[in-house]
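Residue numbers (the working numbering): 31 to 216.
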């Protein structure tokens, strides 16, 4: 079983669909393919999970910058494939899954590692990125049943990734930690 198949937190699901099994399978397939494609920067594997069209996708990348449309995403990956490498398939744990008709979103905890291979590396000091360390990040993925040209295919229309706090850092106002709550931690 691939690491990205590891877990969906079932207590945080909401599904309202006339074809729930097929829709969940298609959305989770796009989610898995997205994260698997991150290992080695596999552009051909990544592209089919996103809508075609210049204005049909926006990503708020972990390094803080926005990218618009699949062409910009591909150009970013072509650039980063010369600078960083993800040696392992990221591990994803879905903490919330919502499906309402033709719209769905996933909130996930993710562990992944990046190794700098080029002179520039990540080149984003504001990202809280740590070289060669299993990083905890959080992602939000928004899906539409639309391939960008109106065909009913589930694709990811928005992705947001941000760093997660250290697994043992107390949560303000509560004092618990990611580790004590059973979150995905290295």
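Note that beta-carbon positions come from the ideal geometry of N, C-alpha and C, so glycine has one too.
Source: prediction; values computed, not measured.
{"query": "Mind pulling the alpha helix (DSSP H) runs of 4 or more residues that sit fully within the segment 46 to 87?", "result": "50 to 68 and 73 to 76"}
{"query": "I need the boundaries of the alpha helix (DSSP H) containing residue 104, first residue and last residue.", "result": "99 to 110"}
{"query": "Along the chain, where does the beta strand (DSSP E) containing residue 124 start, and where does it finish?", "result": "121 to 130"}
{"query": "Quick one: what's got a C-beta closer than 8 Å to residue 164's C-beta in the same chain, skipping five residues either side?", "result": "141, 142, 143 and 216"}
{"query": "Cβ of residue 51 within 8 Å of Cβ of residue 129?", "result": "no"}
{"query": "Here's a check: name, in chain order, each residue in its chain whose Cβ is nearer than 6 Å to the Cβ of residue 208, leaving out the five neighbours to either side.", "result": "197 and 215"}
{"query": "Less than 8 Å between C-beta atoms, sequence neighbours within five positions excluded: which residues of the same chain meet that for residue 202?", "result": "none"}
{"query": "Can you list, in chain order, the residues of its chain whose CB lies under 6 Å from that of residue 188, leaving out five sequence neighbours each side?", "result": "88 and 172"}
{"query": "Roughly how many angstroms lie between the CA atoms of residue 80 and residue 126, to the nearest whole one?", "result": "20 Å"}
{"query": "So the candidates are 121, 132 and 100; which of them puts its Cα closest to the Cα of residue 48?", "result": "132"}
{"query": "From the DSSP output, read off the bridge partner residues of residue 224.", "result": "Outside the displayed range of the chain (31 to 216) lies residue 224, so it cannot be described from this structure."}
{"query": "Let me see if you follow: with CB-CB separation under 8 Å, is residue 216 close to chain D or not?", "result": "The question asks about chain D, but that chain is absent: this structure has only one protein chain."}
{"query": "Taking the beta strand (DSSP E) that residue 136 belongs to, which residues open and close that run?", "result": "133 to 142"}
{"query": "Where does the unbroken beta strand (DSSP E) through residue 175 begin, and where does it stop?", "result": "165 to 175"}
{"query": "Determine the burial state of residue 45: buried for a count of at least 16 other Cβ atoms within 10 Å of its Cβ, exposed for fewer.", "result": "exposed"}
{"query": "Could you give the distance in angstroms between the alpha-carbon of residue 70 and the alpha-carbon of residue 174?", "result": "26 Å"}
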